[in-house]
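Working notes, structure below.
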């Protein structure tokens, strides 16, 4: 019996240490908040990308229509860009050229339309609601005019919510291309009241 008691008492300190170890808080690492210096640095790098090109797959899905196409986005300055949608055979379905104060859209029949509001023009002619002014920021991984966003563990955009004129867009960043610097989105999805826009960027060219 005495031997058993001594053995029992020897185990007590070890058990106490194990219990104490279980209660030690585990560090979760640095906070990936929008005010973190790592995000600010990444954001500044993205904002400096004045000229770039990206191409890949585009899908617009709603109750009324489903559109699948290849896309090419060419940004030549913060206010000048070109969006090209082509079908699987490579024929142009839509070409949009945006410059300050004027937008020109060419459809698959070669007919041209001019407006000062690219988003409204696309919606009227195609039925697709595409938030172009915001998309040119979102496609780079920038939040644009919203402060409602979260970051992933690499201090890149993970999800954002944008509201304007009673319309709410939710953007999910699903994958990033780490072969370019700074890393840029390679897959993202936009959702708005039953409408979905899916973009898969196959390549990026930064100029």
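Residue numbers (the working numbering): 13 to 219.
Cβ coordinates follow ideal geometry from the N, Cα and C atoms, glycine included.
Remember, it's a predicted structure, so these values are computed and weren't measured experimentally.
Enclosing beta strand (DSSP E) for residue 91 [first to last residue]: Residue 91 sits at position 79 when you count from the first residue of the chain shown. Neither: residue 91 is in no beta strand (DSSP E) and is coded neither H nor E.
Proximity below 8 Å, CB of residue 117 to CB of residue 134: Here residue 117 corresponds to residue number 105 of the chain shown, with the count starting at 1. Here residue 134 corresponds to residue number 122 of the chain shown, with the count starting at 1. In this structure, residue 134 lies closer than 8 Å to residue 117 by Cβ.
Span separating the alpha-carbon of residue 218 from that of residue 55: Locating residue 218 in the chain shown gives position 206, counting from the first residue. Locating residue 55 in the chain shown gives position 43, counting from the first residue. Rounded to whole angstroms, residue 218 to residue 55 spans 16 Å at the Cα level.
Simplified DSSP state of residue 146, which is helix, strand or coil: Within the chain shown, numbered from 1, the residue matching residue 146 stands at position 134. In the structure shown, residue 146 sits in a helix (DSSP, three-state: H, G or I).
Whole-number beta carbon distance between residue 213 and residue 197, since they are thought to touch under 8 Å: For the purposes of this step, residue 197 is taken as residue 185 along the chain shown, with counting starting at 1. For the purposes of this step, residue 213 is taken as residue 201 along the chain shown, with counting starting at 1. Confirmed, Cβ separation roughly 6 Å.
Of the listed residues 216, 215, 210, nearest to residue 81 (C-alpha basis): Taking the first residue of the chain shown as position 1, residue 81 is located at position 69. With distances taken between Cα atoms, residue 81 lies closest to 210.
Residue 197: first and last residue of the uninterrupted beta strand (DSSP E) it sits in: As a first step, residue 197 is located in the chain shown; it is residue number 185 there, counting from the start. Segment 196–204, the beta strand (DSSP E) holding residue 197.
Buried or exposed by the 16-neighbour rule on C-beta atoms within 10 Å, applied to residue 155: Start at 1 with the first residue of the chain shown, and residue 155 comes out as number 143. Buried: at least 16 other Cβ atoms inside 10 Å.
Beta-carbon separation (whole angstroms), residue 58 vs residue 153, contact threshold 8 Å: Counted from its first residue, the chain shown places residue 58 at position 46. Counted from its first residue, the chain shown places residue 153 at position 141. That belief holds up - the Cβ atoms of residue 58 and residue 153 are roughly 6 Å apart, short of 8 Å.
Cross-strand partners of residue 213 (DSSP beta bridge): On the chain shown, position 201 is the one that residue 213 refers to. Residue 213 is bridged to 68.
Where residue 168 falls: helix, strand or coil (DSSP): Along the chain shown, one-based indexing puts residue 168 at 156. Note: residue 168 maps to coil in three-state DSSP.
Cross-strand partners of residue 119 (DSSP beta bridge): Locating residue 119 in the chain shown gives position 107, where the first residue counts as 1. Note: residue 119 sits in a beta bridge opposite 106.
Residue from 88, 62, 137, 174 with nearest C-alpha to residue 123: Taking the first residue of the chain shown as 1, we reach residue 123 at position 111. The shortest C-alpha separation from residue 123 is found at 137.
Given residue 75 as reference, the closest of 129, 206, 181 once Cα atoms are compared: Walking along the chain shown from the start, residue 75 turns up at place 63. Taking only the C-alpha atoms, the option nearest residue 75 is 206.
Outcome for residue 169 when other beta-carbon atoms lying within 10 angstroms are tallied against a minimum of 16: Reading the chain shown from its first residue, position 157 is the one you call residue 169. Buried is the call here.
Cβ-Cβ distance between residue 139 and residue 77 below 8 Å: Reading the chain shown from its first residue, position 127 is the one you call residue 139. Reading the chain shown from its first residue, position 65 is the one you call residue 77. In this structure, residue 77 lies closer than 8 Å to residue 139 by Cβ.
Residues that residue 97 bridges to, as DSSP identifies them: As a working mapping, residue 97 is identified with position 85 in the chain shown. DSSP output for residue 97 lists 83, 106 as bridge partner(s).
Integer Cβ distance of residue 186 from residue 200, believed to fall under 8 Å: For this step, residue 186 is matched to residue 174 along the chain shown. For this step, residue 200 is matched to residue 188 along the chain shown. Taking the Cβ atoms as the reference, residue 186 lies roughly 6 Å from residue 200, within the contact range of under 8 Å.
Bounding residues of the alpha helix (DSSP H) (the contiguous stretch that carries residue 137): For the purposes of this step, residue 137 is taken as residue 125 along the chain shown, with counting starting at 1. Residues 130–138.
Beta strand (DSSP E) segment containing residue 186, residue limits: The residue labelled residue 186 in the question sits at position 174 within the chain shown. 179–189 is the span of the beta strand (DSSP E), which, as asked, contains residue 186.
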